[in-house]
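Inspection log for the structure reproduced underneath, given as structure tokens.
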Amino acid sequence: MRTLMDILCLPRGLPNRQQLIDEICSSDENAGIDGARLDGFDISGLFLVNASMKGVDFRGARCRGVAFPPLEDCNLDGVDAIGSSFTVLNRCTLRRALLSSCRFGARMRQCCFNESSLACSQITANTLDIESFYSGNDFSGADLLRLDAAGAYLPDSCFARSCLVQSRLSRANLRGCDFRGANLDEASLAGADVRELQLNQTSMRGCLIGPEQRSVAGAMRGATTDNLMVVRADTRKFARIFAEQIKCQVYWKMRRSSIKQGVGAFLICDQSGLRVVMSSLIEDNFIRMYSTNDSTIDAFASDIATDYAGWEIDEDSIDVECKDEESQQTLLAALPIALRQMLQIESF
Numbered sequence: 053m054r055t056l057m058d059i060l061c062l063p064r065g066l067p068n069r070q071q072l073i074d075e076i077c078s079s080d081e082n083a084g085i086d087g088a089r090l091d092g093f094d095i096s097g098l099f100l101v102n103a104s105m106k107g108v109d110f111r112g113a114r115c116r117g118v119a120f121p122p123l124e125d126c127n128l129d130g131v132d133a134i135g136s137s138f139t140v141l142n143r144c145t146l147r148r149a150l151l152s153s154c155r156f157g158a159r160m161r162q163c164c165f166n167e168s169s170l171a172c173s174q175i176t177a178n179t180l181d182i183e184s185f186y187s188g189n190d191f192s193g194a195d196l197l198r199l200d201a202a203g204a205y206l207p208d209s210c211f212a213r214s215c216l217v218q219s220r221l222s223r224a225n226l227r228g229c230d231f232r233g234a235n236l237d238e239a240s241l242a243g244a245d246v247r248e249l250q251l252n253q254t255s256m257r258g259c260l261i262g263p264e265q266r267s268v269a270g271a272m273r274g275a276t277t278d279n280l281m282v283v284r285a286d287t288r289k290f291a292r293i294f295a296e297q298i299k300c301q302v303y304w305k306m307r308r309s310s311i312k313q314g315v316g317a318f319l320i321c322d323q324s325g326l327r328v329v330m331s332s333l334i335e336d337n338f339i340r341m342y343s344t345n346d347s348t349i350d351a352f353a354s355d356i357a358t359d360y361a362g363w364e365i366d367e368d369s370i371d372v373e374c375k376d377e378e379s380q381q382t383l384l385a386a387l388p389i390a391l392r393q394m395l396q397i398e399s400f
């Protein structure tokens, strides 16, 4: 009977390679490659989330676009895993790895990303009981350009000498993080927990902070804090509009002018509440979803405002579908103003 290792040895271009993997993983008998070494293997594009991978040595393997299962005690030093997704990482090393445009689950424990490239990657937001699954991760010297870690749980992480230019760290738990020598220029720290940070020789030019962080910003000793910007969000009009709506669908585009990065926002308002799905305009990839299931409309709007403060609304892109023509025209007239007010920023 074939094992998962047998299938991974097959040529990448084999048409039914993924089907064979799915069949083996569904049996649960031969779906593990614990302790294996994959030097010279090409597992790019494979969906492996149901496999068992503990103590695997991925060095020398090509792993682009892989959907990884939970990894424990694995070595991915120097691996090319661009565009991959990781659910759980426990005691793994990813030194000098190529990890740009990857998606990381919030559950990471005692992992080392020294000098790796995680540019344009995403670390997902907090999950239930995240305190039990996140600790001691080292991103020192890593390229984290435009990292999206909004709402992520990252306390006591080491980001020393890392590049976090234009990164989104809004609403993240950063308490006790080491940012010594890091570059946080134009990054967003709005709504983040920034207590007990180590900021010696940290560059924070043009950083975006929340109004509640004004007093903290003045005490950021050792950091260069020229041209700080502050969120000045007014979400009242947005909240009022959708508190009165029973059923509608809205779409709009917005961009961050300094990097020409764009997202599309799709809002649904119905009996279940409000939901907004954000997706990339470049790759049409899902980014995140906001929902009123666990919060009020005010908190819902505040989270969006905090994460996208300073972004510019493409008013020509706004499209509205409502139950009747009058409601549609009213919403079309009010929404551009509400969105602009919600995403306002000002100089510190």
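Mapping of the sequence shown onto the working numbering: position 207 corresponds to residue 259, and the numbering continues sequentially without gaps. Think of the CB as a built atom: it goes at the ideal place given N, C-alpha and C, for glycine as much as any other residue. Fair warning: this is a prediction, and the values are worked out from it, not measured in the lab.
Secondary structure at residue 170: coil, using DSSP grouped into helix, strand and coil. Cβ-Cβ separation between residue 243 and residue 358: approximately 4 angstroms, consistent with a contact (criterion under 8 angstroms). Residue 228 is positioned such that its CB atom lies closer than 8 angstroms to that of residue 207. Residues 302 and 328 of the same chain have their beta carbon placed closer than 6 angstroms to that of residue 319, with the five preceding and five following residues left out of the count.
Contact check for residue 239 and residue 361: beta-carbon distance about 12 angstroms, past the 8 angstroms limit, so the pair fails to qualify.
The C-alpha of residue 153 lies about 27 angstroms from the C-alpha of residue 56. With distances taken between CA atoms, residue 200 lies nearest to 220 out of 211, 220, 321 and 70.
Residue pairing of residue 282 in beta bridges, as defined by DSSP: 261 and 398. Contact between residue 101 and residue 113 is absent: CB atoms are separated by about 17 angstroms, not below the 8 angstroms threshold. Between the alpha carbons of residue 180 and residue 232 lies a distance of about 30 angstroms. Per DSSP, reduced to three states, the secondary structure at residue 386 is helical. Of the candidates 161, 165, 190 and 191, the residue whose Cα lies closest to the Cα of residue 183 is 161. Between the segment 82-97 and the segment 115-123, the count of C-beta pairs closer than 8 angstroms reaches three or more; the two stretches touch.
Per DSSP, the beta bridge partners of residue 304 are 317. Residues of the same chain with a CB within less than 8 angstroms of the CB of residue 237, apart from the 5 flanking positions on each side, are 217, 218, 255, 256, 257, 258 and 259 in chain order.
Sequence-distant partners of residue 213 (beyond 5 residues in either direction) whose C-beta falls short of 7 angstroms from its own C-beta, in its chain, are 192, 193, 233 and 234.
Residue 122 places its beta carbon 8 angstroms or farther from that of residue 108. For residue 140, no alpha helix (DSSP H) encloses it; the enclosing beta strand (DSSP E) starts and ends at 137-142. The three-state secondary structure of residue 365, taken from DSSP, is strand.
With contacts defined by Cβ atoms closer than 8 angstroms, residue 175 and residue 158 form a contacting pair. For residue 267, the enclosing alpha helix (DSSP H) covers residues 266-269. Residue 76: member of the alpha helix (DSSP H) spanning 69-79, first to last residue.
Following the DSSP letters along the chain, one finds residue 60 inside the alpha helix (DSSP H) bounded by residues 56-60.
Where residue 354 is concerned, the enclosing alpha helix (DSSP H) starts and stops at 349-359. Relative to residue 74, the option among 103, 61 and 205 whose CA is nearest is 103.
Contact between residue 352 and residue 321 does not hold, since the beta-carbon distance rounds to 11 angstroms and is not under 8 angstroms. According to the DSSP secondary-structure assignment, residue 338 is paired through a beta bridge with 331. As the crow flies, the alpha-carbon of residue 250 is around 11 angstroms from that of residue 226. Between the beta-carbon of residue 195 and that of residue 215 there is about 5 angstroms, and that keeps the pair under the 8 angstroms contact cut. Taking residue 398 as the centre and dropping the five residues before and after it, the same chain places the C-beta of 282 and 284 closer than 6 angstroms to its C-beta, in chain order.
Annotation for residue 156: the continuous beta strand (DSSP E) segment containing it runs 155-161. Here residue 144 is buried, its C-beta having at least 16 other C-beta atoms within 10 Å.
Here the alpha carbon of residue 307 sits roughly 27 angstroms from the alpha carbon of residue 138. With at least 16 other beta carbons inside 10 angstroms of its own, residue 245 counts as buried.
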